[in-house]
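J.:
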Amino acid sequence: MKSDLPWFISSNGSLPDPWTSLQRFTAARIALGRSGVSIPLSESLGFRLAHAHARDAVYSSLDTAALQESLHTFGLPMLTLQSQATSRQQYLQRPDLGRKLNEASREQVLAVRTQKTYDIAFILADGLSAMAVNTHAPALLALVLPTLLADGYTLAPLSFVGHGRVAISDEIGSLLQARLAVILIGERPGLTSPDSMGIYSTYNPTVGLTDDARNCISNVRPAGLSYAAAVHKLRYLIQESLRLKLSGVAIKDLSESGDTLPGI
Amino acid sequence: MSYRETIGYTTYTFADLKVLLARASPFRSGDALAGVAAERYEERVAAQMCLANVPLQNFLQEPIIPYEEDEVTRLIMDTHDAHAFRAISHFTVGQFRDWLLSDEVTTAVLQQLAPGLTPEMVAAVSKLMRNQDLIVAARKCEVVTAFRNTIGLKGRLATRLQPNHPTDDPKGVAASLIDGLLYGSGDAVIGINPATDNPRAVRTLLEMLDGLIRRFDIPTQSCILCHLSTTLQLMQQQAPVDLVFQSIGGTEKTNRSFGVSLAMLQEGYEAALALQRGTVGKNVMYFETGQGSSLSANAHGGVDQQTCEVRAYAVARRFKPLLVNTVVGFIGPEYLYDGKQIIRAALEDHFCGKLMGLPMGVDVCYTNHAEADQDDMDNLLTLLGVAGCNFIICVPGADDIMLNYQSSSFHDALYLRRALGLAPAPEFNDWLIRQRIFDAGGNHLPVTSAHALLKPLV
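Chains A and B, in that order, are what the protein sequence lines are. Following my numbering, the residues of the first sequence are numbered contiguously, the last one being 265. Following my numbering, the residues of the second sequence are numbered contiguously, the last one being 569.
This is how it looks when you write it as structure tokens:
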């Protein structure tokens, strides 16, 4: 006890836990210590910051200009589209609207449609974290698009969708007459993962399909599934889907366990 | 039969009881998404006024989902206790509300009444009640269950210790588990949501929990929250299963979407009873429910999400569970948008479950895409403590790193116990005192690095 403090102050008020060594076994918030029975302020503020990052991610927007700038080297036409949700608030409460293109966007897609069909339509959508797509999609596509073009696959125009859900790839893929729709979309942010991106591929995209018709690659981010590993899985899924003419559970996942579908 | 209410020059017509219940429900995003919510504020109050005048008898004559089409409806109708119902059979829904709040209605009266109530009656009365009504009426209920300890006594608050880990790593689970025990958590159950339903992985976790409970002689029970079919298989193989878990819903179709039926639940219930692992009681089931699950499975049949939820309690009631947990804020903002809706729904679920005679607990929680934060959870936690909630869910630092959502922390439970003078389950409280984690006055003692519970890992 410092002698220059008043008699009733013996410490900074919080009591540490003598089992911080257990933190090496888990990323869970253990051995936080306590102030009385409450969480010490530093931990409380750390939690608040993590939640702030997650909230900011939910309300972030697709940086379409920067994404298109970084992807124009592939020479694909680009479409800037919107779902029927008109605000984030509405998007969060009405998942059905996030699965459908608005009228202007639908016409825009129909306007670029020709007799041509494509092997794959790539779609980028904000989902629940546009930040994830802004951050990870350019690097991932820079790795995967050249290999697909070199393998001789034909690619539909690239779509960028605001307020989009996974199933909007069914409508876009089908309008573009693509055999496979691949959507890169922000996943529901966790406290430690505000920038997690998901990739869903759907063979013969058609309005009304459900999630069991899709394959999913989840948690794409440097601290989760690396770009290289994600590209490896994605190329495998694309090859198998186009070869077997299907997607969903019938395609064996390369990983040991099935990826779950977060609520997007 | 249709129902009508006139406000000024406008007459509102509600096609049947199902529509009336939906329009009378306090607003929430899920009912709007399903297209069953009232379209205007006035319409909602008109529906509530109309509902207040509906005789309780009507609920026995007008099933909201046809008897022939739904085994949950058949369960509700076939097990209704007409004798217990007699005390309130002459009431309208509105009179029932006033009576529930009256001084003549005591804990004993409500305990006798429970088998005479159908979920639709209970949902209906809750729609007429304000939050404080839900609290004061729930507080009168007392639903006590037991397995290795006694849960639900007045003045007690139990916690489920939820030491989840993204890859089910046993050491990672154990680290969170020991952290929780040293914070006085885990009397309701030590329950893990496994990352996979793989029977071998589940068995590893079951054996680890069983070993720990035996080694430290902890008066509590364990549960791995895998699918019922996996638990059935593990019980046949003599794995140490204390409680049988299953998510359930309020319609036959919802339960089918979860891959279960009443017959399967009965099979699980009987298998768990036969193991005779409880020491002070025989409640062997653990159910989870949540508003929105029927809509999410496209299995609501036009019934509002709160009424569907209470119908799930009729399913739970059949199997005398140790614990029923509503995962209220977990299902997402398309069902409960913000803190206000989550808080209201949690108080409804707790009240309705208790009135039906269930040992209700609540997962005080939210996801990052809901309009809610820790302050909302503090409010809800406090309200539930006042309402006499049997148990809450606790994870380290309120952050579940496996399910990626925020629930309450071990600290939150200590806060609630201190603020409201609540104690853990008696057998578990005695154990905490023996382990020098709590003192006899319920104060949390400083733990040293030499504590026996730290030995398995340090």
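Glycine included, each C-beta is placed from N, C-alpha and C at the ideal position. Here the structure is a predicted model, which is why all the values come from computation and not from measurement.
With 9 Å as the C-beta to C-beta threshold (strictly closer), list the residues of the stretch 87–111 of chain A near chain B in chain order.
T.: Those residues of the stretch 87–111 of chain A that come within reach of chain B (Cβ to Cβ, closer than 9 Å) are Q90, L93, Q94, R95, P96, D97.
J.: Please name the residue in A224/A, R244/A, L185/A, T211/A whose C-alpha comes closest to that of I218/A.
T.: The count along the first sequence starts at 1 and reaches residue 218/A at position 217. Selected option, being the one with the closest Cα: L185/A.
J.: Alpha carbon to alpha carbon, how far is V233/B from L176/B? Give it in angstroms, no decimals.
T.: As a first step, residue 176/B is located in the second sequence; it is residue number 65 there, counting from the start. As a first step, residue 233/B is located in the second sequence; it is residue number 122 there, counting from the start. Per the sequence presented here, residue 176/B reads as Ile, with Leu not at that position. Their Cα atoms are separated by approximately 16 Å.
J.: Got a sec: does the ligand PLP put a non-hydrogen atom nearer than 7 Å to the Cβ of I169/A?
T.: Only the bare structure without any ligand can be found here, which leaves the ligand PLP out of the picture.
J.: What beta strand (DSSP E) runs, 3 residues minimum, are completely inside the stretch 254–327 of chain B?
T.: Runs found: 269–272, 300–303.
J.: DSSP has D510/B in a bridge; who is on the other side?
T.: Translated into positions along the second sequence, residue 510/B becomes position 399. D510/B pairs with Q517/B.
J.: Is the Cβ of I169/A closer than 8 Å to any Cβ of chain B?
T.: For the purposes of this step, residue 169/A is identified with residue 168 of the first sequence, where counting begins at 1. With 8 Å as the cut-off, I169/A does not count as an interface residue toward chain B.
J.: Pick out the complete alpha helix (DSSP H) segments inside the stretch 37–123 of chain A, 4 residues or longer, and give them in chain order.
T.: Runs of the alpha helix (DSSP H) inside the stretch 37–123 of chain A: 42–59, 65–72, 89–94, 96–99, 104–113.
J.: Taking CB distances under 8 Å as the criterion, tell me whether L556/B reaches chain A.
T.: The count along the second sequence starts at 1 and reaches residue 556/B at position 445. Not closer than 8 Å to any Cβ of chain A, the Cβ of L556/B fails to qualify, so no.
J.: Have a look at E445/B, G413/B, P444/B, Q402/B and flag the residue whose alpha-carbon is nearest the alpha-carbon of N436/B.
T.: Along the second sequence, one-based indexing puts residue 436/B at 325. Minimum Cα distance to N436/B is reached at Q402/B.
J.: Which of helix, strand or coil does DSSP assign to S256/A?
T.: One-based indexing of the first sequence puts residue 256/A at position 255. Below a pLDDT of 50, predicted positions are generally treated as unreliable, and S256/A, at 46, falls in that range; the measurement from the model is reported next regardless. Correct three-state label for S256/A: coil.
J.: Can you look up D449/B in the DSSP assignment and give me helix, strand or coil?
T.: Looking up residue 449/B in the second sequence gives position 338. Looking at D449/B - three-state DSSP - the assignment turns out to be strand.
J.: Excluding sequence positions up to five away, which residues of its chain have a Cβ less than 7 Å from the Cβ of T270/B?
T.: For the purposes of this step, residue 270/B is taken as the residue at position 159 of the second sequence. Only S296, G297, D298, A299, F502, I503, C505, A524 meet the Cβ criterion.
J.: List the residues of chain A that I262/B touches, going by C-beta distances under 8 Å, in chain order.
T.: In the second sequence, the residue the question calls residue 262/B occupies position 151. Within chain A, no residue comes near I262/B; the closest Cβ sits about 21 Å away, beyond 8 Å.
J.: Within its chain, find whatever has a CB closer than 7 Å to the CB of S368/B; leave out the 5 residues flanking it on each side and keep chain order.
T.: Indexing the second sequence from 1 puts residue 368/B at position 257. Contacts found: A408, A410.
J.: Name, please, each residue of chain A whose Cβ falls closer than 7 Å to the Cβ of Y526/B.
T.: On the second sequence, position 415 is the one that residue 526/B refers to. Neighbours of Y526/B on chain A, chain order: V38, S39.
J.: Taking CB distances under 8 Å as the criterion, tell me whether L192/A reaches chain B.
T.: Residue 192/A sits at position 191 when you count from the first residue of the first sequence. Judged by the 8 Å Cβ criterion, L192/A is in contact with chain B.
J.: For K465/B, count neighbouring C-beta atoms within 10 Å of its own C-beta (all shown protein chains included) and say buried if the count is 16 or more, exposed if not.
T.: Working through the second sequence from its first residue, we reach residue 465/B at position 354. Per the 10 Å Cβ criterion, buried.
J.: Please state the DSSP three-state secondary structure of S15/A.
T.: Taking the first residue of the first sequence as 1, we reach residue 15/A at position 14. Residue state, collapsed to three classes: coil.
J.: Can you pull the chain B residues whose beta carbon is under 9 Å from the beta carbon of H52/A, in chain order?
T.: Residue numbering aside, residue 52/A sits at position 51 when the first sequence is read from its first letter. Within chain B, the residues near H52/A are N479, D484, Q485, Q517.
J.: When burial is assigned at 16 or more other CB atoms within 10 Å of the CB, is P174/B buried or exposed?
T.: On the second sequence, residue 174/B is found 63 positions in, with the first residue counted as 1. Burial call: buried.
J.: Since I believe I252/A is in contact with L245/A (beta carbons under 8 Å), could you give me their beta-carbon distance rounded to a whole number of angstroms?
T.: Against the first sequence, residue 245/A aligns to sequence position 244. Against the first sequence, residue 252/A aligns to sequence position 251. Contact holds; Cβ gap of about 7 Å.
J.: Would you mind listing the beta strand (DSSP E) stretches within the stretch 479–509 of chain B that are 3+ residues and don't spill past its ends, in chain order?
T.: With a minimum length of 3 residues, the continuous beta strand (DSSP E) runs that stay inside the stretch 479–509 of chain B are 502–506.
J.: Assuming G187/A is part of the beta strand (DSSP E), what are its boundary residues?
T.: For this step, residue 187/A is matched to residue 186 along the first sequence. It spans 179–187 - the beta strand (DSSP E) in which G187/A sits, taken as one unbroken run.
J.: So, with DSSP's three-state summary, where would you put P166/B?
T.: For the purposes of this step, residue 166/B is taken as residue 55 along the second sequence, with counting starting at 1. Correct three-state label for P166/B: strand.
J.: Using the Cα positions of K393/B and D321/B, report the straight-line distance between them to the nearest angstrom.
T.: By one-based count along the second sequence, residue 393/B stands at place 282. By one-based count along the second sequence, residue 321/B stands at place 210. Taking the straight line joining both Cα atoms gives about 18 Å.
J.: Alpha carbon to alpha carbon, how far is L292/B from A563/B?
T.: Locating residue 292/B in the second sequence gives position 181, counting from the first residue. Locating residue 563/B in the second sequence gives position 452, counting from the first residue. Cα to Cα, the separation comes out at about 12 Å.
J.: First and last residue of the alpha helix (DSSP H) that includes Q357/B?
T.: Here residue 357/B corresponds to residue number 246 of the second sequence, with the count starting at 1. From DSSP, Q357/B is part of no alpha helix (DSSP H) but of the beta strand (DSSP E) over 355–358.
J.: Does H201/B pass the burial test, meaning 16 or more other C-beta atoms within 10 Å, or should it be called exposed?
T.: Looking up residue 201/B in the second sequence gives position 90. Burial call: exposed.
J.: Pull up the distance between the alpha-carbon of A66/A and that of E108/A, whole angstroms please.
T.: Residue numbering aside, residue 66/A sits at position 65 when the first sequence is read from its first letter. Residue numbering aside, residue 108/A sits at position 107 when the first sequence is read from its first letter. Going from the Cα of A66/A to the Cα of E108/A covers about 21 Å.
J.: To be precise: take each residue of the stretch 122–153 of chain A, compare its Cβ to all Cβ atoms of chain B, and keep it if any distance is under 8 Å. Which residues remain?
T.: Going along the stretch 122–153 of chain A in chain order, one finds L129 with a Cβ nearer than 8 Å to chain B.
J.: Can you tell me whether E257/A is buried or exposed? The criterion is at least 16 other CB atoms within 10 Å of its CB, across all chains shown.
T.: Looking up residue 257/A in the first sequence gives position 256. For E257/A, the pLDDT reaches just 40, beneath the cut-off of 50, and the residue's location in the model is therefore unreliable, although a value from the coordinates is still provided. Answer is exposed; the Cβ neighbour count stays below 16.
J.: Identify whether Y123/B lies in helix, strand or coil by the three-state DSSP scheme.
T.: For this step, residue 123/B is matched to residue 12 along the second sequence. Note: Y123/B maps to strand in three-state DSSP.
J.: Going by other Cβ atoms of all chains shown within 10 Å of its Cβ, with 16 needed for buried, is D188/B buried or exposed?
T.: For this step, residue 188/B is matched to residue 77 along the second sequence. What sits at residue 188/B in the sequence shown is Met, not Asp. Burial call: exposed.
J.: Taking just the CA atoms, how far does R428/B sit from M112/B?
T.: On the second sequence, residue 112/B is found 1 positions in, with the first residue counted as 1. On the second sequence, residue 428/B is found 317 positions in, with the first residue counted as 1. Between M112/B and R428/B, the C-alpha separation is close to 29 Å.
J.: Could you have a look at L533/B and say whether DSSP puts it in helix, strand or coil?
T.: Your numbering for residue 533/B matches position 422 in the second sequence. Here L533/B sits in coil by DSSP.
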